[in-house]
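**Q**
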Amino acid sequence: MGFTYYQRSHQRNYLEEIEEKVWKSYLRNILKKGKLNVRKYILDANIIFQFFSGSPNVKKYLLNNDEKFINAVNLSEFAYHYARKFGFKASGVKLNYLLTFINLVEIDKTLAEIASKIRLKYNLSLGDSFLVATAEMIGGTVVTSDHEFAERTAKDYDVEFIPIE
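Quick note: the sequence shown uses UniProt numbering, first residue 1, plus one each step.
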């Protein structure tokens, strides 16, 4: 007796999920063993604000050879708050500059599902849920200046807290 279409589809999704987890684990192990010297930082919107405020602690994360990522939700948070204070045009200029050295992570179904699970588990805001989901998907370190967020997630994720200067 063969599998139904639903069973084959479910099995395929399950195998893809396992393969993805194994691949992420492999990459994390390579990074831990020092075979790759490049770190991956996933940036919170508040870190971008500090960068434009001239924070030397934040500049060391953003102006180095490590890979930097921000997802579309967190970039939108920054753009909104910056535009409220300095105007839409100024916000657009900053966004264009940021995207010259920060990788933009688009929101897709996988990232949305991971974010929803994280939001349920930690009771985080939508933006913070996508921040952690991006770190989980990419296998990077979250960089934030939100102390409460850092405390809630640091036991399960690699989180670096930078106090607001």
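C-beta atoms are modelled at their ideal positions from N, C-alpha and C, and glycine is treated no differently.
Just so we're clear, the structure is a prediction, and the values are computed from it rather than from any experiment.
Spatial neighbours of I162 within its chain, please: CB distance less than 8 Å, with the 5 preceding and 5 following residues excluded, ordered by chain position.
**A** Result list for I162: I47, Q50, S55, N57, V58, Y61, V143, T144, S145, in chain order.
**Q** Using the Cβ count rule (16 or more neighbours within 10 Å means buried), how would you classify G140?
**A** With 16 or more other Cβ atoms within 10 Å, it is buried.
**Q** In this structure, what does DSSP give as the bridge partners for N71?
**A** Beta-bridge pairing links N71 to V105.
**Q** Along the chain, which unbroken stretches of the beta strand (DSSP E) at least 3 residues long are found entirely within the UniProt domain "PIN" (41 to 151)?
**A** Fully enclosed beta strand (DSSP E) runs of 3 or longer: 67 to 71, 103 to 105, 141 to 144.
**Q** Check whether the Cβ atoms of I70 and A90 lie closer than 9 Å to each other.
**A** No; because the gap between Cβ atoms is not below 9 Å, this pair is not in contact.
**Q** Between the alpha carbons of R84 and A115, how many angstroms are there, rounded?
**A** Distance between the alpha carbons of R84 and A115 is about 26 Å.
**Q** Have a look at the DSSP bridge pairing and note the partners of E165.
**A** Partner(s): none; E165 has no beta bridge.
**Q** Does DSSP put V159 in a helix, a strand or coil?
**A** In this structure, V159 counts as strand in the three-state DSSP scheme.
**Q** Alpha carbons only, please: which of Y122, V73, T110 is nearest the one belonging to A154?
**A** Among Y122, V73, T110, the Cα nearest to that of A154 belongs to Y122.
**Q** Classify K35 as buried or exposed, calling it buried when 16 or more other Cβ atoms lie within 10 Å of its own Cβ.
**A** Reliability of the predicted coordinates at K35 is poor, the pLDDT of 49 falling under 50, and no value is obtained from them.
**Q** Quick check: V105 and I118, are their CB atoms within less than 9 Å of each other?
**A** No, they are not a contact pair.
**Q** So, for R39: in the same chain, excluding its five sequence neighbours on each side, which residues have a beta-carbon less than 6 Å away from its beta-carbon?
**A** Same-chain partners within the cutoff: D66.
**Q** CB I107 to CB A150, shorter than 9 Å?
**A** No, the Cβ-Cβ distance between I107 and A150 is not below 9 Å.
**Q** From K68 to I42, what does the alpha carbon distance come to, in whole angstroms?
**A** If I take the Cα positions, the gap works out to 6 Å.
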